[in-house]
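Protein chains in written order, with the numbering used here: chain B, 9 to 471; chain E, 9 to 471.
The structure is reproduced here in structure tokens:
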């Protein structure tokens with residue numbers, strides 16, 4: 009019943025959206041007056057659709073938070089989450105480094121918001137993700153990296169028409185996880201097509217760069233962090249080869265022996281472990297949460313492990329969607345990761361590590377960073393890949409592997425090659441690094457923008 | 009000047025102590041009325057000296073905290089810290105699982121004190137550690153594992169004379185780090201000499217069991233946790249062999265190349281990392297601490313990383329020493345780790361893993377646990393050792409490697425062999441596990457005492 013009425017509403021919206029898209033080209037109509045429950049702030053926010061393809065009725069939704077202070081002199085940063093198919097507004101803006109985090113009915117200020125350092129542009133991409141859509145649903149059946157990069161470029165070009173004051177601004181493209189594909193591919197397309205953006209650098213966190221090495225390093229990470237036993241580690245690395253597992257399970261050619269090993273791995277790790285952050289607690293179903301609240305002995309957590317649930321509730325509120333100028337088109341709910349897109353999964357196996365090499369050769373600063381508690385795309389594989397790339401490019405180590413500092417404590421480790429290609433870990437951080445280590449992530453972020461190496465020694469005055 | 013007067017006072021004390029030791033055999037004279045700054049509690053505390061050797065004027069100091077409730081029906085647990093040469097009262101009682109933790113001038117209640125589950129006996133051992141002493145200082149020149157085990161046994165026998173009501177009580181011997189030598193060796197001696205104690209089990213955390221495997225697993229731990237680079241890891245494992253480094257540096261036969269690698273390892277790890285807990289912040293010198301306090305952005309820490317400093321100050325207060333019935337003999341300060349003992353360092357290389365096997369065969373429950381953030385004696389080496397021992401003994405896996413729960417979250421992983429030999433990790437815990445994970449450590453501790461396997465699924469009501 010409820011479902012049916014949503015379909016009707018969806019259809020009406022689809023029509024309305026089309027009308028709206030043909031309207032105004034000024035940024036005024038996208039201005040967000042105020043998000044429900046937000047504290048008062050001094051910076052401007054915008055949200056709305058940019059049409060990518062008028063004929064196909066395809067439009068991408070963005071959320072733009074101008075810098076807290078002096079936006080005119082600060083760079084423009086595009087942020088993309090991965091998946092493929094997950095929302096940059098849900099994850100990036102509301103769980104990681106946006107100006108606010110949802111807490112019950114209200115939004116609370118994030119003290120380590122990246123818009124302290126830059127004008128932050130969060131994009132739901134490709135169409136079908138979050139509030140972005142294609143009215144022609146056949147688009148969803150064959151989305152791939154190439155289409156995503158093209159649409160993202162188209163978005164940027166049209167967005168600059170709407171916000172011309174940002175056209176010549178220093179531009180950084182950033183993202184994480186599967187954006188290890190999106191980010192370098194978009195940057196590559198900009199260079200290839202000789203688009204006149206002022207692209208200065210890219211930064212990608214816990215990125216998928218090269219399927220085999222990224223996924224093969226999981227077994228070692230599990231074992232060295234105590235998640236699986238000696239004997240299972242042995243089977244996992246001898247009987248199964250992780251890079252084959254994904255391929256084999258797609259083609260349904262997994263051997264029964266290896267299937268058994270995988271079941272054993274899952275059993276040992278346990279369902280109550282967030283493999284995206286092996287040391288963080290997990291968000292519990294409400295009956296368990298209730299027991300927690302009632303219990304006096306429960307530690308208070310600095311990290312809200314249920315922030316995804318809260319974001320989901322917040323972004324599904326009608327008043328919130330209205331404030332954002334967002335609509336649900338062809339779906340009944342806003343979701344963290346799309347359930348309508350059929351992404352070309354073979355694209356996962358396309359290596360992007362060499363694209364980073366091309367970018368570095370073109371003078372684009374490249375930073376690859378790893379939250380070090382992530383077992384899904386572990387630092388060990390990523391570090392090996394960047395190190396190997398530097399060797400291939402003949403780039404000398406310009407900053408030797410060393411600790412970097414966020415304030416007075418070690419915030420991670422870093423190595424720089426040829427003053428252009430950097431690797432950094434963030435200590436105690438998850439797959440979504442700014443979620444669990446917001447302060448350290450902000451230090452890292454501001455270093456990238458400034459083209460500085462990470463702080464070398466403890467600073468008395470905190471960042 | 010101050011130093012001189014301490015020597016005089018020390019001499020007077022030495023004489024007094026001797027007199028005291030020949031006095032009363034009742035426990036009353038060791039009863040602690042109240043420790044300075046402590047909150048009101050309902051359990052009894054005792055502190056004092058047990059003479060080990062009248063002729064040599066050698067006496068061991070203990071602190072005994074009876075169980076919070078129903079002490080008469082709860083087991084007796086001896087706790088030993090390692091080093092060799094470090095204090096069980098300073099580390100075990102005041103930083104880890106004692107009833108109180110120092111905080112400025114006062115003591116605050118530890119909600120996860122092990123005396124909730126047992127009568128806890130903390131022993132400063134061998135003589136020369138903490139408040140324990142040998143008036144005949146020549147003892148300090150040749151302390152070794154054999155002497156330590158003998159003295160610890162002598163202590164227990166004489167202590168039972170003083171506290172006869174504990175004689176037949178279920179007894180557990182526990183400890184950590186170098187107590188991976190002390191604990192099994194003491195248990196072995198009890199069995200060998202057929203002493204009539206009711207020894208039920210032993211538990212050792214992050215223990216030194218087998219020099220080569222324990223120390224060789226460091227390189228891998230450093231690398232997999234992002235503390236050293238790919239290239240340094242390669243040099244570390246190919247040019248140097250960690251088990252040789254210790255031997256070679258003792259015999260001053262370290263090759264210059266390997267010395268270089270070690271310097272590189274140290275440089276990359278950084279001085280600001282606590283290798284006993286690679287994710288924990290470090291305690292900062294006062295000038296930096298001051299900056300921290302002044303700074304609004306500083307996160308509040310749940311763990312007081314400066315608790316060792318506070319313990320040092322507390323145990324060096326005269327009123328505290330008086331309340332404890334403790335004296336400084338032959339030293340001017342109480343110290344965390346002894347600077348008078350010359351321990352036989354070759355003993356580090358004596359393997360104790362097979363002693364665990366003997367104990368298990370004698371029906372003594374054996375638990376080996378690892379705080380999983382410790383790079384000094386990493387879980388990877390320890391797990392391999394226990395696994396190997398189980399194979400040697402022909403013990404089948406009775407509990408397969410799986411997560412265990414502290415309340416509603418995964419608290420670590422465990423595996424049990426033959427219902428007698430157990431391995432467990434404590435998630436997010438340091439070398440001194442109960443320091444960083446007090447709640448999880450208490451769950452583990454109560455499981456050992458009860459002879460239960462670790463909780464298998466999340467419990468709604470917290471422990």
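All C-beta atoms, glycine included, are put in the ideal place defined by N, C-alpha and C.
Being a predicted model, the structure only gives us computed values, none of them experimental.
Cutoff 9 Å: residue 411/E Cβ touching any chain B Cβ: Here residue 411/E corresponds to residue number 403 of the second chain, with the count starting at 1. Closer than 9 Å to some Cβ of chain B, the Cβ of residue 411/E qualifies, so yes.
Straight-line gap, residue 365/B to residue 397/B (C-alpha atoms, nearest Å): For the purposes of this step, residue 365/B is taken as residue 357 along the first chain, with counting starting at 1. For the purposes of this step, residue 397/B is taken as residue 389 along the first chain, with counting starting at 1. The straight-line gap from Cα to Cα measures roughly 7 Å.
Any C-beta of chain B under 9 Å from that of residue 244/E: Sequence index remark: in the second chain, residue 244/E carries index 236 (1-based). Residue contact with chain B for residue 244/E: absent (no Cβ-Cβ distance below 9 Å to any residue of chain B).
Min CB distance residue 433/B to chain E below 9 Å: Taking the first chain and counting its residues from 1, the one referred to as residue 433/B is at position 425. Answer yes: the Cβ-Cβ gap between residue 433/B and chain E drops below 9 Å somewhere.
Residue 300/E - DSSP class collapsed to helix/strand/coil: Translated into positions along the second chain, residue 300/E becomes position 292. Model confidence at residue 300/E stands at a pLDDT of 46, short of 50, so the residue's coordinates are unreliable; what they give is reported in the following sentence. Of the three classes helix, strand and coil, the one that applies to residue 300/E here is helix, per DSSP.
Test: residue 462/B CB closer than 9 Å to a CB of chain E: Start at 1 with the first residue of the first chain, and residue 462/B comes out as number 454. It does not; no Cβ of chain E falls within 9 Å.
Against chain B: residues of the segment 231-243 of chain E by CB proximity under 8 Å: 231, 232, 233, 234, 235, 236, 237, 238, 239, 240
Beta strand (DSSP E) runs contained entirely in the segment 330-396 of chain B, provided each spans 3 or more residues: Annotation: the segment 330-396 of chain B contains the following complete segments of the beta strand (DSSP E) (minimum length 3 residues), in chain order: 373-379.
Pick from 356/E, 335/E, 426/E, 283/E that is closest to residue 439/E, judged by C-alpha positions: Stepping through the second chain from its first residue, residue 439/E is reached at position 431. Ranking 356/E, 335/E, 426/E, 283/E by Cα distance to residue 439/E puts 283/E first.
Residue 440/E at chain B interface by Cβ criterion, 9 Å: Position 432 of the second chain, counted from the start, is the residue given in the question as residue 440/E. By this cut-off, residue 440/E is not an interface position.
Residue 64/E and residue 142/E closer than 9 Å at C-beta: Locating residue 64/E in the second chain gives position 56, counting from the first residue. Locating residue 142/E in the second chain gives position 134, counting from the first residue. Yes. Within cutoff.
Cutoff 7 Å; reference residue 459/E; Cβ partners in own chain excluding five residues on either side: What you label residue 459/E is simply residue 451 of the second chain in a count that begins at 1. Cβ within range, chain order: 373.
Status (buried if at least 16 other CB within 10 Å, exposed otherwise) for residue 435/E: Working through the second chain from its first residue, we reach residue 435/E at position 427. Answer is buried; the Cβ neighbour count reaches 16.
Beta-carbon spacing of residue 46/B, residue 74/B below 9 Å: As a first step, residue 46/B is located in the first chain; it is residue number 38 there, counting from the start. As a first step, residue 74/B is located in the first chain; it is residue number 66 there, counting from the start. In this structure, residue 74/B does not lie closer than 9 Å to residue 46/B by Cβ.
Contact set between residue 477/B and chain E, taken where Cβ atoms lie within less than 8 Å: Residue coverage of chain B in this structure runs from 9 to 471, which leaves residue 477/B outside it and unanswerable.
Inter-residue Cα distance where the pair is residue 183/B and residue 423/B: Locating residue 183/B in the first chain gives position 175, where the first residue counts as 1. Locating residue 423/B in the first chain gives position 415, where the first residue counts as 1. Roughly 20 Å between the two C-alpha positions.
Spatially closest choice to residue 266/E from 220/E, 247/E, 274/E, by CA coordinates: Numbered from its first residue, the second chain carries residue 266/E at position 258. Comparing Cα positions, the closest option is 247/E.
Partners in chain E for residue 418/B, counting only beta-carbon separations shorter than 7 Å: Here residue 418/B refers to the residue found at position 410 when the first chain is read from its first residue. In chain order: 278, 280, 281.
Chain E contacts made by the segment 37-59 of chain B, where a contact means CB separation under 8 Å: Of all residues in the segment 37-59 of chain B, none is placed with a Cβ closer than 8 Å to any Cβ belonging to chain E.
For residue 187/E, the nearest candidate out of 361/E, 81/E, 72/E (CA to CA): Position 179 of the second chain, counting from 1, holds the residue named residue 187/E. Minimum Cα distance to residue 187/E is reached at 361/E.
Exposure of residue 260/B, with buried meaning 16 or more beta-carbon neighbours within 10 Å: Translated into positions along the first chain, residue 260/B becomes position 252. Residue 260/B should be labelled exposed.
7 Å Cβ cut-off: residues of chain E touching residue 292/B: For the purposes of this step, residue 292/B is taken as the residue at position 284 of the first chain. In chain order: 416.
Secondary structure of residue 466/E, DSSP reduced to three states: In the second chain, the residue the question calls residue 466/E occupies position 458. Here residue 466/E sits in coil by DSSP.
Residue 438/B, DSSP secondary structure in three states: In the first chain, counting from the first residue as 1, residue 438/B sits at position 430. Looking at residue 438/B - three-state DSSP - the assignment turns out to be coil, as it is neither helix nor strand.
Under 9 Å between C-beta atoms of residue 227/E and residue 236/E: Position 219 of the second chain, counted from the start, is the residue given in the question as residue 227/E. Position 228 of the second chain, counted from the start, is the residue given in the question as residue 236/E. A contact, by the Cβ cut-off of 9 Å.
Chain E contact residues for residue 472/B, given Cβ-Cβ distances below 8 Å: The question about residue 472/B has no answer, for chain B in this structure spans 9 to 471.
Option nearest residue 213/B by Cα separation, candidates 391/B, 155/B, 98/B: To locate residue 213/B, count along the first chain from 1; it is residue 205. Of the candidates 391/B, 155/B, 98/B, 391/B places its Cα closest to the Cα of residue 213/B.
Under the three-state DSSP convention, the category residue 174/B falls into: Taking the first chain and counting its residues from 1, the one referred to as residue 174/B is at position 166. Helix at residue 174/B.
Supposed contact pair residue 375/B and residue 449/B - C-beta distance, whole angstroms, cut 8 Å: Residue numbering aside, residue 449/B sits at position 441 when the first chain is read from its first letter. Residue numbering aside, residue 375/B sits at position 367 when the first chain is read from its first letter. Incorrect: roughly 12 Å between the Cβ atoms, too far for contact.
Own chain residues within Cβ distance below 6 Å of residue 420/B, not counting five before or after: Along the first chain, one-based indexing puts residue 420/B at 412. Excluding positions up to five away in sequence, the list reads 412, 432, 433, 434, 435.
Segment contact flag, the segment 343-356 of chain B with the segment 86-103 of chain B, C-beta cutoff 8 Å, min 3 pairs: yes
Whole runs of the beta strand (DSSP E) within the segment 101-184 of chain E, excluding any shorter than 3 residues: 108-111, 114-117, 127-131, 179-184
Proximal chain E residues relative to residue 177/B, where beta-carbon distance stays under 7 Å: Indexing the first chain from 1 puts residue 177/B at position 169. Chain E residues near residue 177/B: none, gap ~28 Å exceeds 7 Å.
Below-9 Å beta-carbon distance, residue 109/B vs any chain E residue: Within the first chain, residue 109/B is the residue found at index 101, counting from 1. So no, residue 109/B is outside the interface.
Helix, strand or coil at residue 430/E according to DSSP, with G and I counted as helix: Working through the second chain from its first residue, we reach residue 430/E at position 422. Strand at residue 430/E.
Outcome for residue 42/E when other beta-carbon atoms lying within 10 angstroms are tallied against a minimum of 16: By 1-based counting over the second chain, the position of residue 42/E is 34. Residue 42/E comes out exposed.
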